[in-house]
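The sequence shown begins at 1 in UniProt numbering and counts up by one.
Ideal Cβ positions, reconstructed from N, Cα and C, are used throughout, including at glycine.
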Amino acid sequence: MARERKKKEEKGGAGWLATYGDMVTLLLTFFVLLFAFSSLDVEKFKKMMVSFQGALGVMQGGKSLQEDPLPYGGASGYDAGEEKRQTQSTFEVEKELRSFLKDNELEEEVSIKVDQRGVTVSLSDQFLFPLGGIEVRPEGKRILTRLGALLRGRIPALAVEGHTDDRPLRGGPYRDNWGLSSIRAAVVASYMVDSGGIAPDIIQAVGYGPYRPVVPNDSDENRGLNRRVDLVILSKYPKQ
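See the structure below:
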């Protein structure tokens, strides 16, 4: 009887270990699945955000979710000689732009500034758009077409930046100045591609609303200066 009881106890012990092993295996499987699902969600989120950034043309101010950002043009690299040539060409274009503005008596509506980024051509919003509108005026289209002809094939990258003053919008389809400036920048960028001949892979559009004024918004005159669209001709390829 003692031997029989001992055998039964040994069998019971082995069954307990098997149950314990099954439980550990299930827990391990559960955590592996959790990890796999969480990794999948992260990858989906990254892809979604990269797509969203590209659609809006959002740039600057934050790190891209793309792990290997490329310079404008889609190439995986560029040589120093080409960059130097493009930089020299950009400043040659600046001289031609100044002559163009003077010859066409546009120096009041269009201004040029040179800084570390490159050459910035600022166009008054009254010259480009009707009040609160997004359709480019005929005179604005003519100038954008001429500017495109001057820049086409000669610059490494072009940023179109929309700006407004600090006064809130009254009615209209746009909720705020940020939205209006973004749409206007996109409209100008699209026109520069379609009618100005600028390659679409070197151009980007962004709206800054009232957040990057050139002068304080303390008078009607200053607010008029802040309402503008800037064409920033970058002097070199953006860094990777």
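- Within the stretch 101 to 155, the runs of beta strand (DSSP E) that reach at least 3 residues and sit entirely inside it are, in chain order, 110 to 114 and 118 to 124.
- By the neighbour-count criterion, in which a residue is buried when 16 or more other Cβ atoms sit within 10 angstroms of its Cβ, SER181 is buried.
- Per the DSSP secondary-structure output, ASP230 pairs in a beta bridge with SER122 and GLU161.
- C-alpha of GLN204 to C-alpha of ASP218: approximately 30 angstroms in a straight line.
- Comparing alpha carbon positions, the residue from ALA199, ILE183, SER195 and GLY162 closest to ASN226 is GLY162.
- Straight-line spacing of the CA atoms in ASP115 and VAL93 works out to 14 angstroms.
- Note that the C-beta distance between ALA157 and LEU234 is below 7 angstroms.
- Rounded to whole angstroms, the Cβ separation of THR145 and SER195 is 5 angstroms, and the two are in contact under 8 angstroms.
- Here GLY207 is near ALA185, since their CB atoms are less than 7 angstroms apart.
- Per the DSSP secondary-structure output, VAL214 pairs with nothing in a beta bridge.
- Sequence-distant Cβ neighbours of ILE198 in its own chain, meaning closer than 7 angstroms and more than five residues away, are GLY148, LEU151, ARG152, LEU158 and MET192.
- Note on geometry: alpha-carbon atoms of GLU105 and PHE91 lie some 21 angstroms from one another.
- For ALA205, the pairing in a beta bridge is given by DSSP as VAL160.
- Judged by DSSP in its simplified three-state form, SER235 adopts coil rather than helix or strand.
- The C-alpha of LEU123 lies about 16 angstroms from the C-alpha of GLY132.
- Each of THR19, ARG170, ASP165 and ILE143 was checked against the Cα of LEU101, and the nearest Cα belongs to ILE143.
- Sorting GLY140, VAL187, GLU139 and PRO130 by C-alpha distance to the C-alpha of GLY172 places PRO130 at the top.
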